[in-house]
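In the order they appear, the protein sequences are chains A and B. Its first residue numbered 0, the first sequence is counted upward by one per residue in numbering that gives the first Met the number 0. Its first residue numbered 0, the second sequence is counted upward by one per residue in numbering that gives the first Met the number 0. Just so you know, even glycine gets a beta-carbon here, dropped at the ideal spot from N, CA and C. Report on the structure given below.
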Amino acid sequence: MQMKYVFYTVSLLLFTILQPTLFQNITFFGTVPNLFLIYLVCVSCYLTKKEGCILGFATGLVLDLLVGKVIGVNAVLMMILAFFITSFFENVIRNNTLLITLLLVFVTTFFYEAVYYIVTFLGDLHLGTVIVKVLLPESLYSLIAAIPFYFVIKKFAKNFLLDKGEGLG
Amino acid sequence: MRNVFRNKTTLWLIVTVLILSIAIGVLNAAKSEVSFLENALEVVISPVQKAFTSAGHGVSNFLGYFSNKKALEEEIDLLKKENAELRQHLIKSESAYNENEQLRKLLNLKSNNTEFELEAAEVIARNPSNWYNSLTVDKGAADGIAVNQTVLSSGNTLVGRVSEVGTTWSRITLVTDPGHAAGAQISRTGEYGVCEGDTAGSSEGNCRLSFVSKNADIIAGDTVVTSGLGGVYPKGLVIGKIQKIRPDIQGISQYATVKPEADFKSLNTVFIIQNDF
């Protein structure tokens, strides 16, 4: 088995444990960062579109199982998100930097959670309050939490994720 | 970005999975049973989650001790005073209870006091998203836990209800979850309402008392208890205290923000009511 698949599996298992436990004690204005989403954004620049879609779907599915509500919403949203991010890195910007990753994490977290909220709570729209109390603090928290993610994934990418001749990071 | 949709295979893959996921979602929303995949994942990871949650509590308690030392000392003084007052009340209550029992016997009335059979469970994880408020505990179907059983905190205040049951774990939907609703009553006046979670208030740990009559006499600080209507919760369990009162948009009723009595963030152990009431 290729090392990168071991890396993806171990990473997902780690977030499955950390997100509902340790990170629930470290809140920012009552919100917690979405580690799965940060991971997906940080790792997507090293993936092809196909790999991104599969990893996005798997990541979303694990999150769906942990949330315990409707299975499939996170899986589909994360798959679509991974598709757009991998396309962005393939077609628009080929040199990934810390600044680009952090901006992407902030923007994707904001819009991802907004879309998730609208899709899931169709009859309960308090978008203004939700933007101030959930979306902005969570996006900002995710941006800060993404800094160590960026460096750790970059280090792992050199060893496991990139094939010879590739060099996005 | 023009090249994004050139690969038709990828586009078809997205459309297919989208349709499949929506279908799975609709099917899942309709049934209340835990899927095999969900149960398997939780059974495997719950022992590890338990260890990490304990570690998280340890760290936050340790840090909290230093940052809140003065506040804790003041709280201890306050609790000592409250304890002395409660002891006085207890003595009076015991005497009133004995008198009540004797009078009931004389009048041949049946006691309406229900003793709960409680099963203690340890919190091993919390809902990972910012949208839902639920807890995962270390007791499941193997321990006699069933869906819709009432969950209390150590102070006998309402925490929520069991919403999913796995083999060795259960998920508890908290009173602040947007999908939760309970028949409620203002203990001072007896006014009825529905206590429900909402997305706007759940980030602050509050829930909402809706459908309260426009002319109902409610004030900030009133205690909200379960009404027993709806058949899920027993009557008289403390939910929380009224914080703010506002008129409804339509102007035909009013609603209030309720601060739950149970402190969900520091909740380590919960008690699940096992018997019928």
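Proximity to residue i [Cα-Cα], best of the options
i	options	result
residue 249 of chain B	B/271, B/101 and B/210	B/210
residue 185 of chain B	B/94, B/42 and B/241	B/241
residue 157 of chain A	A/33, A/46 and A/54	A/46
residue 220 of chain B	B/239, B/171 and B/226	B/239
residue 21 of chain B	A/31, A/139 and A/119	A/119
residue 35 of chain A	A/97, A/7 and A/3	A/7
residue 39 of chain B	B/80, B/150 and B/164	B/164
residue 4 of chain A	A/54, A/115 and A/40	A/54
residue 69 of chain A	B/130, B/199 and B/97	B/130
residue 173 of chain B	B/161, B/153 and B/154	B/161
residue 177 of chain B	A/131, A/121, A/11 and A/79	A/121
residue 101 of chain A	A/83, A/150 and A/82	A/150
residue 151 of chain B	B/179, B/175, B/137 and B/119	B/119
residue 136 of chain B	B/70, B/234, B/49 and B/11	B/49
residue 264 of chain B	B/158, B/106, B/17 and B/18	B/158
Cross-strand partners of residue i (DSSP beta bridge)
i	result
residue 171 of chain B	B/134 and B/161
residue 298 of chain B	The requested residue 298 of chain B does not occur in the structure, where chain B is confined to residues 0 to 276.
residue 183 of chain B	B/192 and B/225
residue 141 of chain A	Answer is none; residue 141 of chain A lacks a bridge partner.
residue 27 of chain A	A/30
residue 253 of chain B	B/211 and B/246
residue 270 of chain B	B/119 and B/151
residue 240 of chain B	B/222 and B/258
residue 206 of chain B	B/257
residue 156 of chain B	B/237
Same chain, Cβ closer than 8 Å to residue i, neighbours up to 5 away in sequence not counted
i	result
residue 190 of chain B	184, 211, 212, 215, 216 and 217
residue 66 of chain A	73
residue 112 of chain A	33, 133, 134, 137 and 138
residue 155 of chain A	6
residue 253 of chain B	211, 212, 213, 215, 217, 244, 245, 246 and 247
residue 207 of chain B	194, 195, 196, 197, 200, 254, 255, 256 and 257
residue 79 of chain A	55
residue 107 of chain A	36, 40, 80 and 84
residue 78 of chain B	none
residue 0 of chain B	With a pLDDT of 48 at residue 0 of chain B, under the threshold of 50, the predicted position of this residue should be treated as unreliable, and no value is reported.
residue 19 of chain A	65
7 Å Cβ shell around residue i - same chain, five flanking residues per side excluded
i	result
residue 164 of chain A	Note that residue 164 of chain A scores a pLDDT of 40, beneath 50, so its modelled location is shaky and nothing firm can be said.
residue 74 of chain A	56, 59, 60 and 63
residue 37 of chain A	104, 141, 144, 145 and 148
residue 167 of chain A	At residue 167 of chain A the pLDDT is 40, less than 50, meaning the model places this residue with poor confidence and gives no usable figure here.
residue 166 of chain B	38, 42, 139, 140 and 141
residue 52 of chain B	122, 123 and 124
residue 31 of chain A	22 and 23
residue 114 of chain A	76
residue 52 of chain A	78, 81 and 82
residue 86 of chain A	48
residue 56 of chain B	267
Residue i versus residue j: straight-line alpha-carbon distance, rounded
i	j	result
residue 258 of chain B	residue 7 of chain B	52 Å
residue 223 of chain B	residue 129 of chain A	26 Å
residue 275 of chain B	residue 156 of chain B	18 Å
residue 171 of chain B	residue 27 of chain A	24 Å
residue 84 of chain B	residue 169 of chain B	38 Å
residue 144 of chain B	residue 270 of chain B	11 Å
residue 267 of chain B	residue 121 of chain B	6 Å
residue 133 of chain B	residue 126 of chain B	5 Å
residue 41 of chain B	residue 101 of chain B	51 Å
residue 125 of chain A	residue 116 of chain A	10 Å
residue 17 of chain A	residue 91 of chain B	49 Å
residue 272 of chain B	residue 236 of chain B	12 Å
residue 261 of chain B	residue 22 of chain A	21 Å
residue 50 of chain A	residue 11 of chain B	15 Å
residue 112 of chain B	residue 233 of chain B	Any answer about residue 112 of chain B is weak, because its pLDDT of 49 lies below 50 and its placement is not dependable; what the coordinates show is given next. C-alpha separation (whole angstroms): 11 Å.
residue 47 of chain B	residue 15 of chain A	10 Å
residue 116 of chain B	residue 18 of chain B	46 Å
residue 204 of chain B	residue 175 of chain B	6 Å
residue 68 of chain B	residue 76 of chain B	13 Å
residue 82 of chain B	residue 97 of chain B	22 Å
residue 153 of chain B	residue 114 of chain B	15 Å
Contacts around residue i, its chain only, beta-carbon distance under 6 Å, and the 5 residues preceding and following it disregarded
i	result
residue 24 of chain A	none
residue 61 of chain B	none
residue 45 of chain B	123 and 168
residue 147 of chain B	160 and 231
residue 159 of chain A	2, 3 and 6
residue 278 of chain B	In this structure chain B extends from 0 to 276, so residue 278 of chain B is not present and cannot be described.
residue 187 of chain B	221
residue 152 of chain A	41 and 42
Distance cut-off 7 Å: residue i Cβ against heavy atoms of the ligand FMN
i	result
residue 263 of chain B	What this structure holds is no ligand at all, so the ligand FMN is not there to describe.
Beta-carbon neighbours of residue i, restricted to chain C and to distances below 9 Å
i	result
residue 163 of chain B	No chain C is present in this structure, whose protein chains are A and B.
May I have a chain-ordered list of the alpha helix (DSSP H) segments no shorter than 4 residues that lie completely inside the stretch 56 to 106 of chain B?
68 to 106
Please give me, in chain order, every unbroken run of the alpha helix (DSSP H) with length at least 4 that falls completely inside the stretch 60 to 126 of chain A.
72 to 90 and 97 to 119
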